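One line per chain: the protein sequences are B and H, in this order. The numbering used here numbers the first residue of the first sequence as 1080 and each following residue consecutively. The numbering used here numbers the first residue of the second sequence as 1080 and each following residue consecutively. What follows is one structure encoded as structure tokens, with my remarks underneath.
Number of protein chains: 2
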Amino acid sequence: MVSPADPARARDASASGTVGIIAGGGHLPLKVAEAARGSGRPVFIAGLEGWADPTIAAFPHDWVGVGSIGRLIRLLRQHGCREIVFVGSLVRPDLMRPDLRSLKLDFGAIRRMPSILKRGAGGDNRLLGRIVRLFEREGFQVLGAHELARDLVAPAGLIAGSAPGAKVRSEIRMGVETARRLGELDIGQGVIVAAGRVVAVEAAEGTDLMLERVASLRTSGRLRMRGRSGVLVKVPKPGQDLRIDMPAIGERTIEGAETAGLAGIAVEAGGVLIADRPALVSAAERAGLFVLGLPKPQ
Amino acid sequence: MVSPADPARARDASASGTVGIIAGGGHLPLKVAEAARGSGRPVFIAGLEGWADPTIAAFPHDWVGVGSIGRLIRLLRQHGCREIVFVGSLVRPDLMRPDLRSLKLDFGAIRRMPSILKRGAGGDNRLLGRIVRLFEREGFQVLGAHELARDLVAPAGLIAGSAPGAKVRSEIRMGVETARRLGELDIGQGVIVAAGRVVAVEAAEGTDLMLERVASLRTSGRLRMRGRSGVLVKVPKPGQDLRIDMPAIGERTIEGAETAGLAGIAVEAGGVLIADRPALVSAAERAGLFVLGLPKPQ
């Protein structure tokens, strides 16, 4: 049993005990559960009603409403979970157009929980920090999906497609610099650079809607780019707590980048999740897009 | 006659000679022409085909294609213009949905001109700086619309509606800080702050589309704001050349802010144009929005 007062040990690969997975939508929660079981750890999944996929039933599980923090905590304790993971999408499928049902790790919807909201407003980082602290105060260790399932994390180097040329590489550098400065302001994790300038910045709308916007700016002629060009850059915010709010890309991101006419996608290695890498790679190669893992700064 | 080698004199109110107005769409070019004539200066309008309003015919005028820089320069010289002003929208009306026919001063479309494009890509500031330098090399003084028509510039203080409360004032401060930092990156001039965080950042899409995005994030439930709240902040980029790329707001901005459910709009006094202030004020007051002119930094 890992003591909550000893976070260093809690992340140790030798940690044991049941892992509690608080599951939003999409396939990531199941992938994380499989990885944990694969490393010999028992798993309990608390599926968020309206979000989690019914396939979580392949594991010991129960269902909780998003607002039911008390019940969630009781369930996790009953199943002996000292370490927990938040993973999956919380974008409400019934409110979204089909093309927006992103696999984005969006626990921002947790702001609906009154106990969190009461503590005031703020950017995602501040809000999510409060959620982590709330569970930590209850004695849980909050782990990141990437700590349990390292295969889900973007590696450094070329992940799909052909290495980008000098022009795109310079757009990637501009995108990284801009995304990091935006991250310092606790804004988004993504920018799109095309024709040598930042043409879109992600804030509350998320990556999919940002890609859609660039597609429609091109269609309307307001954004003039030659052929397949420009790049989506996605990096964590400086100081972002990857345990609960890790940026992610997936097949849908590839589709969005293709429709926006981009040349490819660059993400920070170790800082961005890829739910299903083989599917992402084959979608990227079908679309003729590169996907590149950038080394972390320093 | 003012020497092009003496820019300080060129801006002097006592400057004389015909003012050349290169007119895009909307009512601003006519307003500027009227203001110049009101101060006793002759005016010649070069109307950009497809953009300028036929009402420019109230002044000595001619028509030029957007790509015809050579003809434009000849016309300006024939009419004795040493001082010129770029003013009006260059968003193509035939490519835009009716709700996007903004009065934005968008000379970005000038990037279609091959002689400009050839010099490489870059943010708006760099591109527009090249346009100014091109005309300066030809011996013209480029003035700002705001220098000829001071009544068109946002004043400091409350312009419409009731003074915002403490919560909105703190959102305004966050918006100004963020917009200025974004401006340093040569990105947009506008941000929307709501529920204590930056929910939208303007890049290539412009203010109207950004407002539309926030409206649809609210409708879809992805952005939860109580009642009428949040603010649009618009300030020039640090170092932005207001002579050719001055931010503007108008009745359409009010409509967009109303649809997005915002409490109001804050702009930098002296740094943002208002084409028709009486119309903007009455639209804002009908919609229950404030419009505030913020003092310039320092």
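Cβ atoms here follow ideal geometry from the backbone N, Cα and C, with glycine treated the same way. It should be emphasised that the depicted structure is a prediction, and the values quoted were computed from it without experimental measurement.
For MET1325 (chain H), the closest alpha carbon among the candidates H:ALA1242, H:ALA1228, H:THR1298 is that of H:ALA1228.
Secondary structure note for LYS1313 (chain B): its beta strand (DSSP E) is the uninterrupted segment 1310 to 1313.
Going by DSSP, HIS1225 (chain H) is part of the alpha helix (DSSP H) stretching over 1224 to 1227.
When DSSP assignments are scanned along the region 1282 to 1332 of chain H, the uninterrupted stretches of beta strand (DSSP E) that are 3 or more residues long and fall wholly within it turn out to be 1310 to 1313.
At a cut-off of 7 Å between beta carbons, ARG1292 (chain H) contacts chain B.
With the rule of 3 Cβ pairs closer than 8 Å, the region 1264 to 1277 of chain H does not count as touching the region 1147 to 1167 of chain H. DSSP places GLN1268 (chain H) in the coil class of the three-state scheme, outside both helix and strand. For SER1241 (chain H), the three-state secondary structure derived from DSSP is coil. Less than 7 Å separates the beta-carbon of MET1289 (chain H) from that of ALA1279 (chain H). DSSP places SER1249 (chain H) within a helical segment (H, G or I) once states are collapsed to three. ALA1136 (chain B) counts as exposed, since fewer than 16 other beta carbons sit within 10 angstroms of its beta carbon. Residue contact check for THR1286 (chain B) against chain H: no CB pair falls below 7 Å.
Taking a beta-carbon distance threshold of 7 Å, LEU1371 (chain H) does not count as an interface residue toward chain B. If the five residues before and after ALA1366 (chain H) are omitted, its C-beta is found closer than 7 Å to the C-beta atoms of ILE1333, GLU1337, all from its own chain and listed in chain order. Against LEU1296 (chain H), the close residues of chain B are ALA1283, GLU1284, in the order they occur along the chain (beta-carbon pairs closer than 7 Å). Chain H places no beta carbon closer than 7 Å to that of THR1332 (chain B), leaving this residue out of the contacts.
Within chain H, the residues whose beta carbon sits less than 8 Å from that of LEU1302 (chain B) are ALA1283, listed in sequence order. Annotation: the continuous beta strand (DSSP E) that includes GLY1099 (chain H) extends over 1097 to 1102.
In this structure, GLY1144 (chain B) lies away from GLY1105 (chain B), with their beta-carbon atoms at least 7 Å apart. DSSP places SER1168 (chain B) in the strand class (E or B) of the three-state scheme.
Bridge partners of PHE1369 (chain B) according to DSSP: B:GLY1343. Proximity of the region 1297 to 1306 of chain H to the region 1235 to 1250 of chain H falls short of the contact definition, fewer than three beta-carbon pairs being nearer than 8 Å.
VAL1111 (chain H): member of the alpha helix (DSSP H) spanning 1107 to 1117, first to last residue. Proximity of chain B to ARG1260 (chain H) at the Cβ level (cut-off 9 Å) is accounted for by ARG1260, LEU1261, GLU1263, LEU1264, in chain order. The C-alpha of LEU1107 (chain H) lies about 14 Å from the C-alpha of GLY1099 (chain H). Per DSSP, ARG1153 (chain H) is one residue of the alpha helix (DSSP H) stretching across 1148 to 1157. The Cβ atoms of THR1257 (chain B) and HIS1158 (chain B) do not sit closer than 7 Å to each other. The three-state reading of DSSP puts ASP1141 (chain B) in strand, counting E and B together.
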